[in-house]
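Chemist: Below is the structure I would like to discuss, written out as C-alpha cells.
Number of protein chains: 2
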Amino acid sequence: MAVNTQFSIAVHLMAGLACGCDAGVTSGHLAESVNTSASFVRRTLAKLSKAGLVETATGKAGSCWLAKDAKTISLLDIYEAVDAPKAFSIHNYSAQDKCYVSCHIKTALEKALAKTQQAMESSLAEISLAQIVADVKKK
Amino acid sequence: MAVNTQFSIAVHLMAGLACGCDAGVTSGHLAESVNTSASFVRRTLAKLSKAGLVETATGKAGSCWLAKDAKTISLLDIYEAVDAPKAFSIHNYSAQDKCYVSCHIKTALEKALAKTQQAMESSLAEISLAQIVADVKKK
DNA sequence: CTTAACTGTGACTATTATAGTAACAGTTAT
DNA sequence: ATAACTGTTACTATAATAGTCACAGTTAAG
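Sequences listed follow chains L and R, in order. Heads up, the first sequence is in the numbering used here, so the first residue is 1 and it goes up one at a time. Heads up, the second sequence is in the numbering used here, so the first residue is 140 and it goes up one at a time.
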C-alpha cells in the first residue's frame, strides 16, 4: 500500500487509549487492535507523544495514556501530530521559460490550494476525539 | 514518486488550454509546458474529455480546447474529472472481534472524514479556472 | 490515395512513499 | 538479576504513481 494511513491509524490508537484508560495499555495491545506490529504502533505513538497528546512510561509495566481529556483533543491536533501529507501535492517540473503558464501556474495553484487546505483543517478542528469515541461506543 | 499529482497537472493543462485558445493546442505543446511526455498528457486529457471539460479533434491538425468557458469550470469539476484520491484514506485491517474499538472505529472515522472531504470539495467548488488563469496572467 | 501529424489506448518499466518487520539499547518494576 | 516494557534505527516488501514506448485509428493536405 502506498497510501498514507498514518492519520487514520493515529486516530484509531487515540480512540483505543481513550477507551482503555483504566488499565495500562501497551503498544502490544494497540497493535492487536489495529492488526499491525507493536513496533509500527510505537513509531506513530512517538509522534503523538512529541506533540503532547500522549504520555508514556518506559520500563517494565510501561504503558501509554492520553495526556489530555479526549474532549480537548481535536482531529486537527492528531493530523498535525503525525504530519500527514497535504490534501494536494503540486507536480514539480522545470518551468519552460517561453511559456508563461508553465512559469506561473505553480504559485497560482499554491494560492488556491492553500485555501482548500485551510477549509479541510478547519473542518478537522471541529471534530473532537471524544466525538469519535462516542460514535465507537454507540454502535 | 508515489504522490498523486494528477489534479495539479490537470489544472495546469486546463490553464494552458484556456490561455492558448487561439491556436490549435496539441498534446505535444502541453507536454512541453508541463515538462512530461505527450503520452502522459493525453491520458490525463482523456479523463478531462470524458468529463466534458475538454474537446478534442483527431487526425492531422488535431488539437484540444476547452469545452466550456473557463468561468464556468470550477476546480471541483477538474478534481472529480481526474478522480484524484480522497483527502484521507482509512487503513484497512481485519477487525479484532474482542476489541470494540477495532470493530467500530472504521465507521466512526468514515463519518467524520466525510464531513472533512465535503468541506474540501466545497472550497474547490468556489475557485474557477478563470481565477487561476487570471492569477497566472497577473504575474 | 498516400503521407504526415495528430489522438486514444494498452502494455510496460522505474521510482519512491509507505507499510511493515526485526533487532537492540535504554528503562524500570518485581 | 530478570522480565517486560518503550524508543529508535535499519532494513525489506509492497504498491501507487509517473513516465515511456508502441501502435491502431483518424483526418487534413499534397
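We put the CB at the ideal spot given by N, CA and C, even for glycine.
Just by C-beta distance, which residues in the region 54 to 75 of chain L are closer than 8 Å to chain R?
Modeler: Result list: Leu75.
Chemist: Measuring straight from C-alpha to C-alpha, what distance separates Ala112/L and Ile271/R?
Modeler: Each residue's alpha carbon lies about 8 Å from the other.
Chemist: At the 8 Å Cβ level, is Ile78/L part of the contact set with chain R, yes or no?
Modeler: Chain R contact via Cβ: absent.
Chemist: Would Asp135/L count as contacting chain R if we go by Cβ distances under 8 Å?
Modeler: Yes, because at least one Cβ of chain R sits closer than 8 Å to the Cβ of Asp135/L.
Chemist: Please report the distance separating the alpha-carbon of Ala200/R from that of Leu169/R.
Modeler: Approximately 15 Å between the Cα atoms of the pair.
Chemist: On the criterion of 16 or more Cβ atoms from any shown chain inside 10 Å, does Gly59/L qualify as buried, or is it exposed?
Modeler: It counts as exposed.
Chemist: For my contact list, Met259/R and Met120/L are in at a C-beta cut-off of 8 Å; report their separation, rounded to the angstrom.
Modeler: Confirmed, about 5 Å.
Chemist: I'd like to know whether the C-beta of Lys111/L is nearer than 8 Å to at least one C-beta of chain R.
Modeler: Chain R contact via Cβ: present.
Chemist: Which full runs of the alpha helix (DSSP H) of 4+ residues lie inside the region 187 to 265 of chain R, going along the chain?
Modeler: Runs of the alpha helix (DSSP H) inside the region 187 to 265 of chain R: 214 to 220, 239 to 264.
Chemist: Looking at Leu45/L: is its Cβ nearer than 8 Å to the Cβ of Val34/L?
Modeler: Not a contact, by the Cβ cut-off of 8 Å.
Chemist: Closest Cβ-Cβ distance between Phe40/L and chain R: below 8 Å?
Modeler: No, no contact with chain R.
Chemist: Is Ser128/L helix, strand or coil by DSSP?
Modeler: DSSP places Ser128/L in strand when its eight states are reduced to three.
Chemist: With 8 Å set as the bound, which would you pick, yes or no: does the beta-carbon of Ser176/R sit closer than that to a beta-carbon of chain L?
Modeler: Chain L contact via Cβ: absent.
Chemist: Grab me the residues of Ala51/L's own chain with a C-beta within less than 6 Å of its C-beta, minus the 5 sequence neighbours each way, in chain order.
Modeler: Closer than 6 Å at Cβ, skipping near neighbours: Ala81.
Chemist: How would you write the range of the alpha helix (DSSP H) that Ser27/L sits in, first residue to last?
Modeler: Looking at the DSSP string, the run of the alpha helix (DSSP H) that includes Ser27/L is 27 to 34.
Chemist: The alpha helix (DSSP H) that contains Ser147/R, what's its start and end?
Modeler: From DSSP, the alpha helix (DSSP H) with Ser147/R extends over 145 to 158.
Chemist: Quick check: is the beta carbon of Val150/R nearer than 8 Å to any beta carbon in chain L?
Modeler: Chain L contact via Cβ: present.
Chemist: Could you compute how far the alpha carbon of Phe146/R sits from the alpha carbon of Lys277/R?
Modeler: When rounded, the distance between both Cα atoms is 22 Å.
Chemist: For Tyr93/L, which option in Lys71/L, Cys103/L, Ser128/L has the closest C-alpha, if you only look at C-alpha atoms?
Modeler: The residue with the shortest Cα to Cα distance from Tyr93/L is Cys103/L.
Chemist: Cα separation between Glu249/R and Ile229/R?
Modeler: One C-alpha to the other measures close to 8 Å.
Chemist: Does DSSP classify Ser39/L as helix, strand or coil?
Modeler: Here Ser39/L sits in helix by DSSP.
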